Amino acid sequence: MKKALKKITLLLFIIIMAMLIFQFIVSNQVEDSPLPTKLHPTVAEAKDKLISQTKANGITIIITDGFRSIAEQDALFEQGRTTDGNIVTNVRGGDSYHNYGLAIDFALQLEDGSVIWDLEYDGNDNGKADWMEVVEIAKKLGFTWGGDWDNFRDYPHLQMDFDLSIRALKRGKRPDENTN
Ligand SMILES: [Zn+2]
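The sequence shown begins at 9 in my numbering and counts up by one.
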């Protein structure tokens, strides 16, 4: 009787372990989804709206960056570390929403064509910083703003994550192409 109980306990243990291992494998499975090569259509559409809606408010913006390949991201990571320039990112290739076509960076453009990253500039002279007006419109369009982050404030950065973490994206999860 005791022996039988031991056997059952052992069997149960093996079954539970097998289930746990199976679950672990399934949850870590990498889906065979190709990396995007351009902006997600929803992000691209919101980007166009952002340009036209800010324009209607007397603010000209330019999109300085959108989709970024893994190699481009790696090169950008080296900027300010092993190559010249300021540090502009703290993430390597694959760790940025830009790498999945889900982020854009903007800057303000003046009438003479020059591009500025001035958070206080008030070109349309309405008492509000143009930069923050752009951010406000972007948020209404569904973007989250890098300036709201705690660790590395990325003021030109706007992204849509579609509730997908970088971890999930790395594993091959992708937002639906028709997601709105
Ligand atoms: Zn960015």
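The C-beta atom is built at its ideal place from N, Cα and C for all residues, glycine as well.
What you are looking at is a predicted structure, and each value in this text was computed from that prediction instead of being measured.
Residue i and residue j closer than 7 angstroms at C-beta
| i | j | result |
| --- | --- | --- |
| L166 | A137 | no |
| D82 | G109 | no |
| L149 | K63 | no |
| A8 | W125 | This structure does not reach residue 8, given that the chain is present from 9 up to 188, and the question cannot be answered. |
As assigned by DSSP and simplified to three states, the class of residue i
| i | result |
| --- | --- |
| L127 | coil |
| F30 | helix |
| W139 | helix |
| L43 | coil |
| D13 | The residue asked about is misnamed: residue 13 is Leu in this sequence, not Asp. The answer is helix: DSSP assigns L13 an H, G or I state. |
| P183 | coil |
| L172 | coil |
| E53 | helix |
| E80 | helix |
| S122 | coil |
| H48 | coil |
| F7 | Nothing in the structure corresponds to residue 7, since the chain is present only between 9 and 188. |
Bridge partners - residue i, DSSP secondary structure assignment
| i | result |
| --- | --- |
| I71 | F114 |
| Q87 | T91 |
| Q167 | A111, T152 |
Any C-beta of chain D under 7 angstroms from that of residue i
| i | result |
| --- | --- |
| D138 | Included in the structure is just one protein chain, with no chain D present. |
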